[in-house]
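Peer 1: Chains as they are written, first to last, in our numbering: chain A, 102 to 214; chain B, 13 to 123. Quick reminder that beta carbons are idealized off the backbone N, C-alpha and C, glycines included. Quick caveat: nothing in here was measured; it's all calculated off a predicted structure. Here it is, the structure in full.
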């Protein structure tokens, strides 16, 4: 059975802290790994990772994939209260033209002023 | 602007009642998906459709049904057979190889 596990499940930090969110996976037919941010409603896309060791960066957020050890991390530096959200990791599977996303449980991040 | 529209935002179901959640997209995406989100459990796939008039069960399809008569529309019916329907329902769409885009969701509760 395909499995995606995120840790920690929740995290409370203060503004300015740096956080690292983890996502490990055990799936067949891996195609890519995606990170989403969900504030109140629709998850919004952050990164898609397909190759090991190549860091993707957007402002204070960055992410990297390790296909040998089957995990990814999402780093957020100099956190702000607007970073408070659920961060979702998902794995995109091959096998069909479009594949399916298998999601982890999510990490609830709370950033206090 | 292109996007995914889910309606209604809030829905209440009585015992023994079927309810239908609407999902419409104008992104010209071929594939559409329905997810259920419960606290602490992330998103779980209910049904997905790659083309019109075709759909497949996801991981938790029991008690749900869908149709895909038009490319733009993928409604989800929560039947009376679904004994624990209270959840946040998210619809998504995608083109091959591209990240899924999500709607704003429908929150379903039991009366």
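Could you name the residues of the same chain whose beta carbon sits closer than 7 Å to that of residue 196 (chain A), not counting the 5 residues immediately before and after it, in chain order?
Peer 2: 130
Peer 1: Would you say residue 4 (chain B) and residue 120 (chain B) are within 9 Å of each other, going by their C-beta atoms?
Peer 2: Given that chain B is displayed from residue 13 to residue 123, the structure contains no residue 4 (chain B) and the question cannot be resolved.
Peer 1: Mind listing the chain A neighbours of residue 116 (chain B)? Cutoff is C-beta to C-beta under 9 Å, in chain order.
Peer 2: Chain A residues near residue 116 (chain B): 141, 142 and 143.
Peer 1: Under 6 Å Cβ to Cβ from residue 78 (chain B), same chain only, skipping five residues before and after it: list those, please.
Peer 2: 59, 67 and 88
Peer 1: Would a check of beta-carbon distances place residue 29 (chain B) closer than 9 Å to chain A?
Peer 2: no
Peer 1: Identify whether residue 184 (chain A) lies in helix, strand or coil by the three-state DSSP scheme.
Peer 2: helix
Peer 1: Against residue 205 (chain A), what residues of chain B qualify as contacts under a CB-to-CB distance less than 8 Å, listed in chain order?
Peer 2: 54
Peer 1: For a contact meaning CB atoms closer than 9 Å, what does residue 189 (chain A) contact in chain B?
Peer 2: 54 and 55
Peer 1: Can you pull the chain A neighbours of residue 60 (chain B), defined as C-beta to C-beta under 7 Å?
Peer 2: 201
Peer 1: Strictly below 7 Å CB to CB, what residues from chain A border residue 111 (chain B)?
Peer 2: 135, 146 and 149
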